[in-house]
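Numbering (the working numbering), first residue to last: 568 to 941.
Beta carbons: idealized from backbone N, C-alpha and C, even for Gly.
Small disclaimer: the values here were computed from a predicted structure and weren't measured.
Please read the structure below before turning to the comments.
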């Protein structure tokens, strides 16, 4: 009899129209094998083109029928890297077939869809992981310090999470009579440089697109859900965000259920604003010490004559985040080990973000609940 922890898990990719880093990470791990790419036949042509290109790259079939693919491929896991608005619906179809799931971030901007998916996984005893950066070397070190009581009892946490990426033309660069920037077209154009995190028909603010990353850090380091949040947002940098009435800057202050207080400042601040991918730091204060962590460390700087303007000058090293995430998923399947960011926690983060936008509208702190605002 084969030992269960030696099993190679079969994986089907349900749409890979946004970022390929997720299925790439799965393909690179020896415990997992990509079997096919699948999507619905009525998707736009650009969707099929991207799916087919990825399938060709990996030497696997592209099946333009999700239900047929799920029935025929006999897979253990579905990985979803579609438009964010389709994440939960595609994941739910896989879960109903008895598959474990790995979903790109964000889980969804629709909290009820997250709630339904969480319940479906729980009722079927299936594993569901949402992609994160929780195994970056700096985050591993920070968690080690906190768990070893190196700061004493943790009192407060702050995270700066600024991405130095563009999102089309800068704000007010277009004439007043110009045609508003269409969200999906802008995201399709952004695919070439990987800045299409908000891919889809529904416009998404930066808090919705990237907020799950820093809020997952907070959860991992503090070990507690959030209880209350106060937030402000702005559209400061990018005309596409102005035209589609979504934020590119956000600031949150919050209280966790265990009494720790915290804050988050985040946004998409333009490629010219920073020599690295952005200013991403964690500040932790405890009863006996304090800690500042730069998320990008360890890194090396690379500067040379005639260096292309768009090339990042700082390169991260010793980064095994993707491999360790898949190690953790294998452990969850083999032994029921805890996941770095499970669907239930990602669902809570979706509630936090919904409450943050409610706070912006009401200009007051909002208690985080599973109930939709009236």
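Just curious, the alpha helix (DSSP H) that residue 660 is in, first and last residue?
The count along the chain shown starts at 1 and reaches residue 660 at position 93. 654 to 663 is the extent of the alpha helix (DSSP H) around residue 660.
Are there 16 or more other CB atoms within 10 angstroms of the CB of residue 613, so buried, or fewer, so exposed?
Translated into positions along the chain shown, residue 613 becomes position 46. With a 10 Å radius around the Cβ and a threshold of 16 neighbouring Cβ atoms, residue 613 comes out exposed.
Inter-residue spacing [alpha-carbon to alpha-carbon] between residue 896 and residue 589:
Numbered from its first residue, the chain shown carries residue 896 at position 329. Numbered from its first residue, the chain shown carries residue 589 at position 22. Cα to Cα, residue 896 sits roughly 13 Å from residue 589.
Determine the direct distance from the alpha carbon of residue 697 to that of residue 882, and round the result to whole angstroms.
On the chain shown, residue 882 is found 315 positions in, with the first residue counted as 1. On the chain shown, residue 697 is found 130 positions in, with the first residue counted as 1. So the alpha carbons of these two residues sit roughly 25 Å apart.
Report the residue ranges of all beta strand (DSSP E) runs contained in full by the region 805 to 881; include only those spanning at least 3 residues, in chain order.
Taking only runs of at least 3 residues, the beta strand (DSSP E) segments lying wholly in the region 805 to 881 are 816 to 823, 828 to 835, 847 to 853, 857 to 861, 866 to 868.
With three or more C-beta pairs closer than 8 Å as the rule, is the region 910 to 919 touching the region 777 to 797?
Yes, since at least three Cβ pairs between the region 777 to 797 and the region 910 to 919 fall closer than 8 Å, the two stretches touch.
Assuming residue 723 is part of the beta strand (DSSP E), what are its boundary residues?
To locate residue 723, count along the chain shown from 1; it is residue 156. For residue 723, the enclosing beta strand (DSSP E) has its first and last residue at 721 to 730.
Could you please give the first and the last residue of the uninterrupted beta strand (DSSP E) stretch that includes residue 797?
Numbered from 1 along the chain shown, position 230 holds the residue referred to as residue 797. Element bounds for residue 797: 793 to 801.
For the putative contact between residue 845 and residue 729, defined by C-beta atoms under 8 Å, what is the C-beta separation to the nearest angstrom?
Taking the first residue of the chain shown as 1, we reach residue 845 at position 278. Taking the first residue of the chain shown as 1, we reach residue 729 at position 162. Going by Cβ atoms, the distance from residue 845 to residue 729 rounds to 4 Å, so yes, they are a contact pair.
Residue 689: first and last residue of the uninterrupted alpha helix (DSSP H) it sits in
The count along the chain shown starts at 1 and reaches residue 689 at position 122. Taken as a continuous stretch (DSSP letters only), the alpha helix (DSSP H) holding residue 689 covers 678 to 691.
Which class does residue 893 belong to by DSSP, given the choice of helix, strand or coil?
In the chain shown, residue 893 corresponds to position 326, counting from 1. Here DSSP, grouped into helix, strand and coil, assigns residue 893 to helix.
Does the separation of the CB atoms of residue 642 and residue 579 fall below 8 Å?
In the chain shown, residue 642 corresponds to position 75, counting from 1. In the chain shown, residue 579 corresponds to position 12, counting from 1. Cβ distance < 8 Å, so residue 642 and residue 579 count as in contact.
Using 10 angstroms around the beta-carbon of residue 700, count the other beta-carbons present and answer buried if the total reaches 16, otherwise exposed.
Counting from 1 along the chain shown, the entry for residue 700 is found at position 133. Label assigned to residue 700: buried.
Beta-carbon proximity list for residue 868, same chain, < 7 Å, skipping 5 on both sides:
The residue you call residue 868 lines up with position 301 of the chain shown. 880, 881.
Local conformation of residue 887 per DSSP, three classes:
Sequence index remark: in the chain shown, residue 887 carries index 320 (1-based). It is coil, neither helix nor strand.
Please specify which runs of the beta strand (DSSP E), each continuous and at least 3 residues long, are wholly inside the region 596 to 651, giving them in chain order.
Fully enclosed beta strand (DSSP E) runs of 3 or longer: 599 to 605, 644 to 648.
Which first and last residues belong to the beta strand (DSSP E) in which residue 668 is found?
Here the question's residue 668 lines up with position 101 in the chain shown. Counting along the chain, the beta strand (DSSP E) containing residue 668 begins and ends at 667 to 670.
Reducing DSSP to helix, strand and coil, say where residue 699 ends up.
On the chain shown, position 132 is the one that residue 699 refers to. Residue state for residue 699 is assigned as coil, using DSSP reduced to three classes.
What whole-angstrom Cβ distance do residue 691 and residue 670 have, given they're in contact under 8 Å?
Residue 691 sits at position 124 when you count from the first residue of the chain shown. Residue 670 sits at position 103 when you count from the first residue of the chain shown. 16 Å between Cβ atoms; not a contact.
Residues near residue 734 in its chain [Cβ-Cβ closer than 6 Å; skip 5 each side]
The residue you call residue 734 lines up with position 167 of the chain shown. Excluding residues within five positions, the ones whose Cβ falls inside 6 Å are 805, 807, 835.
Evaluate the contact criterion for the region 758 to 773 versus the region 781 to 795: three or more CB pairs, one atom per stretch, below 8 Å.
In short, these stretches do not touch, since the Cβ pair count stays below three.
Can you tell me whether residue 568 is buried or exposed, with buried defined as 16 or more other CB within 10 angstroms of its CB?
One-based indexing of the chain shown puts residue 568 at position 1. For residue 568, the predicted structure reports a pLDDT of 37, less than 50, and the residue's modelled location is therefore unreliable. The matter cannot be settled from this model.
Bridge partners of residue 918, per DSSP?
The residue you call residue 918 lines up with position 351 of the chain shown. Its beta-bridge partners do not exist; DSSP assigns none.
Ignore the nearest five residues each way along the sequence and tell me which others in residue 884's own chain have a CB closer than 8 Å to its CB.
For this step, residue 884 is matched to residue 317 along the chain shown. 865, 866, 867.
Taking 8 Å as the threshold, find out whether the region 715 to 730 comes into contact with the region 821 to 829 through three or more Cβ pairs.
Yes: the two stretches touch, three or more of their Cβ pairs being nearer than 8 Å.
Rounded to whole angstroms, what's the CA-CA distance from residue 800 to residue 773? Just pull it up for me.
What you label residue 800 is simply residue 233 of the chain shown in a count that begins at 1. What you label residue 773 is simply residue 206 of the chain shown in a count that begins at 1. Each residue's alpha carbon lies about 10 Å from the other.
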